[in-house]
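What follows is a single structure, written as structure tokens, with notes after it.
Chains as they are written, first to last, in this note's numbering: chain U, 37 to 514; chain G, 612 to 1084.
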């Protein structure tokens, strides 16, 4: 089908026409029309400040550190250091599943905060932090580390959390790690990922003893899988069947102990590039551990990923990997046969974080669906480079797309499904457009791996083909 | 870890010794049931016509409020912010404020910006008054758009004070005293109430009474808008700005919560000389009676027979079911006004509010609960302020209860205590539609009784042996 670039450009021009000249110029640079041949890396400007007042979907550095990278490490305590709100809103809301006894081996179902009051702002919170850490160590003696996730005030009032962390590490003999992820730093969650990666690099990586007797040529670590709805578990199943030995999974259902010995692996397998490429690069530079990106959404991408990972290993792994692909093929065909006829040709609009707008495209295509626009909250240039080849020419690609643009684009593209987050969900449902939350898997999942695809397909079908959508218009208005 | 070792530690966590340690902590807060001021401010703003909550701060904060409110109400929740970054910390946030007004006006065309702050804008010391003034002067903010503003630092109070400060600012900014004298309208201030069912119930009662009323911060429609194929950023049914302007000339104001309306109640009374009544949240029979009597007194109207009949039906539902609640022990937690109401209701039913725990409670609140205990000669009840759900866990693991009542976060402790948990309050993230049902009024009594009693009966049916699996309950 020939792509009418002019028409797509017209849509974009029309949408941004309401902005002031200054804002229009800004937003124009963030929205592009995909053209694999000529566009290359320039499709959208990214990782710069959001315009004030536009209702950006973005979060903050704290959300990137506590909410994404450090939060899912189950055997450490994350202190939301500062006032009450941030820890409250990020308590249990990312669905990072974890095994283990709560309060002993697993601190996921908790919100720990130093609950800053006016006096802490005025006099500083370092003493309170120190006291808080002592109390935590007494109440939770099995915690394997304490992470200080800074909220906005910490950096503004000039607290020295690094000194407190150092003193407490010496005193309680577990890592106490200061993270400068104050929400005003950077332009989105993304800097929080980077800052959290850097603290893992500085305080955790390489600090564990590698048991040489247990090492195998097949030791790998998964990076950038947060076990949302059980994603890590469905991915691990495949790696195990391929014959690989997953030593660590960062950071969903993960532990700081695994992180400490990750420098002993042969390869790092990176799922969420945006949030963990930093640590992957560090392992490569410092320990010579190569890393490879993979995509476990949908059978086509899973198959490609299994093969490219298998190539890193010997024939034994390659054979097993082909067996894995073969073993799942009938099941996957069954899923596709069941759902594709119900989903063929359906149009999807995506707005998610820094990975999924490109990573989930293949899974939709496996079901015969078509991605008509893909937008990121906090991607960088390297994400857009990776995106343009995943999408068809003419697809609208947008960076930091705000609510106005998203709604207006939907009015024009008329999608059958919108895939985005909780802030967007009910907006589109009011419009009568089926929706799936693609940060949290809408309280379902896993979506990764072969097992995940079956659930993904079912969920997209139940969203789009729910009979309830047919009731939106009353009989007397039909 | 070894299973035996895990069990050993877990067992220790259930002891009196651990409880003592837990209650001795001074610095760390673990699983509090309390949000921050700006969340209350943006919720309040959602109750006004064509109003855009405008938060002066980083966008992470606003993303969190929107997430939280959307999860609870399962509704869209619009709010913008000034997207402050490091530059703001150095140079102040005025430039972002001005641009924010301009962009939000172009895209979202509000009649009012309800402006609140965050930790950051409070600490860097931005002056909202001068930002609004400069924005108007320089043409970033049209004179046609109202722009009340409130300071809502997250490091003081909770969502309750944020709600109060925003409402206070909106009424104080828009309110215009008229020479025409008082109207016959009664203002109703629900307070921070995340159950739209309560607001609807109060409106129903007022309609039965035949009283002209105005709900101030009425989000019962904006956060419960029809799904009809059209998205309205500002759904119909919010409090009209014209009505807010006149509300200070209305006959009287009734506040249905005490702890989220203090500033507003004082302002209406002191600045506008209004007759302001702060009633107990009308949960249970007694407090609903008191509410109706206040309405009757202020309006000069008799309590309608229809409501008296409703009362009788509610009493009927209670006496039919009271045997399942009598003597049962409850752990209840959440916001203070709701807890006062729930305590009263449980005592009316012969239940024992064993633990009443309020993360944002005051001494004043504590006394209210203690007075209720005394009135019913309830010796087993205990009330805790400034405590969290990890304290509650220690309490219920050392001296158990039969049921939890409170927001969703209580589910973790309820699971460990192996008791059922009825969701009431804010937030409710893990049950659907609960917030649509009132716990206020006589209808609320029937709802509470239904949920609590049937839950006990379900458990009985789920756990009894075959011999005791009876048809009659």
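We put the beta carbon where it would ideally sit given N, CA and C, even for glycine.
These figures come from a predicted structure and were not determined experimentally.
Residue i classed as buried or exposed, judged by whether at least 16 other C-beta atoms fall within 10 angstroms
i                       : result
residue 1068 of chain G : exposed
residue 1075 of chain G : exposed
residue 369 of chain U  : exposed
residue 884 of chain G  : exposed
residue 1061 of chain G : exposed
residue 628 of chain G  : exposed
residue 888 of chain G  : buried
residue 770 of chain G  : buried
residue 727 of chain G  : buried
Opening and closing residue of the beta strand (DSSP E) in which residue i lies
i                       : result
residue 1001 of chain G : Per DSSP, residue 1001 of chain G belongs to no beta strand (DSSP E); it is in the alpha helix (DSSP H), 1000-1009.
residue 965 of chain G  : 963-969
residue 1016 of chain G : 1014-1017
residue 68 of chain U   : 67-69
residue 186 of chain U  : 182-186
residue 260 of chain U  : 255-261
residue 1040 of chain G : No beta strand (DSSP E) contains residue 1040 of chain G, which DSSP labels as neither H nor E.
residue 709 of chain G  : Not the beta strand (DSSP E): residue 709 of chain G falls in the alpha helix (DSSP H), residues 705-719.
residue 456 of chain U  : 453-456
residue 383 of chain U  : 383-388
residue 980 of chain G  : Here residue 980 of chain G belongs to no beta strand (DSSP E); instead the alpha helix (DSSP H) covers 974-986.
residue 943 of chain G  : 940-944
DSSP three-state assignment for residue i, whether helix, strand or coil
i                      : result
residue 991 of chain G : coil
residue 135 of chain U : coil
residue 824 of chain G : strand
residue 403 of chain U : coil
residue 96 of chain U  : coil
residue 423 of chain U : helix
residue 662 of chain G : strand
residue 435 of chain U : strand
residue 797 of chain G : strand
residue 299 of chain U : helix
residue 55 of chain U  : coil
residue 692 of chain G : strand
residue 396 of chain U : coil
residue 268 of chain U : helix
residue 39 of chain U  : coil
residue 48 of chain U  : helix
residue 996 of chain G : strand
Start and end residues, alpha helix (DSSP H) containing residue i
i                       : result
residue 327 of chain U  : Looking at the DSSP string, residue 327 of chain U is not in any alpha helix (DSSP H); the run it does join, the beta strand (DSSP E), is 327-329.
residue 1066 of chain G : 1052-1074
residue 286 of chain U  : Per DSSP, residue 286 of chain U belongs to no alpha helix (DSSP H); it is in the beta strand (DSSP E), 281-287.
residue 670 of chain G  : 670-684
residue 113 of chain U  : No alpha helix (DSSP H) holds residue 113 of chain U; the beta strand (DSSP E) holding it covers 113-117.
residue 701 of chain G  : 697-702
residue 318 of chain U  : 309-323
residue 937 of chain G  : Here residue 937 of chain G belongs to no alpha helix (DSSP H), and DSSP marks it neither H nor E.
residue 630 of chain G  : 627-635
residue 147 of chain U  : That residue, residue 147 of chain U, is in no alpha helix (DSSP H); it is neither H nor E in DSSP.
residue 773 of chain G  : 770-785
residue 624 of chain G  : 614-624
Inter-residue CB distance, residue i and residue j (contact presumed, cutoff 8 Å)
i                      : j                      : result
residue 172 of chain U : residue 308 of chain U : Incorrect: roughly 29 Å between the Cβ atoms, too far for contact.
residue 786 of chain G : residue 872 of chain G : In fact, because the Cβ distance is near 15 Å, the residues do not count as touching under 8 Å.
residue 311 of chain U : residue 110 of chain U : Their Cβ separation, rounded to whole angstroms, is 17 Å, which puts residue 311 of chain U and residue 110 of chain U out of contact at 8 Å.
residue 485 of chain U : residue 270 of chain U : 4 Å
residue 423 of chain U : residue 410 of chain U : 6 Å
residue 863 of chain G : residue 900 of chain G : About 19 Å; that fails the 8 Å criterion.
residue 665 of chain G : residue 724 of chain G : 4 Å
residue 952 of chain G : residue 936 of chain G : Not a contact, Cβ separation roughly 16 Å.
residue 645 of chain G : residue 970 of chain G : 4 Å
residue 287 of chain U : residue 262 of chain U : 7 Å
residue 229 of chain U : residue 404 of chain U : Contact doesn't hold; Cβ gap of about 34 Å is too wide.
Margin query: Which complete alpha helix (DSSP H) runs does the stretch 203-240 of chain U hold, if anything under 4 residues is left out?
Written below: Entirely contained in the stretch 203-240 of chain U, the alpha helix (DSSP H) runs reaching 4 residues are, in chain order, 225-239.
Next item on the list: Ignoring anything shorter than 3 residues or poking outside the stretch 722-748 of chain G, list the beta strand (DSSP E) runs there in chain order.
Entry: Along the length of the stretch 722-748 of chain G, whole beta strand (DSSP E) runs at least 3 residues long occupy 723-728, reported in chain order.
Next item on the list: Pick out the complete alpha helix (DSSP H) segments inside the stretch 838-911 of chain G, 4 residues or longer, and give them in chain order.
Entry: Runs of the alpha helix (DSSP H) inside the stretch 838-911 of chain G: 852-858, 873-883, 895-910.
Checklist line | Length at least 3, wholly inside the stretch 467-492 of chain U: the beta strand (DSSP E) runs in chain order | finding: Entirely contained in the stretch 467-492 of chain U, the beta strand (DSSP E) runs reaching 3 residues are, in chain order, 471-473.
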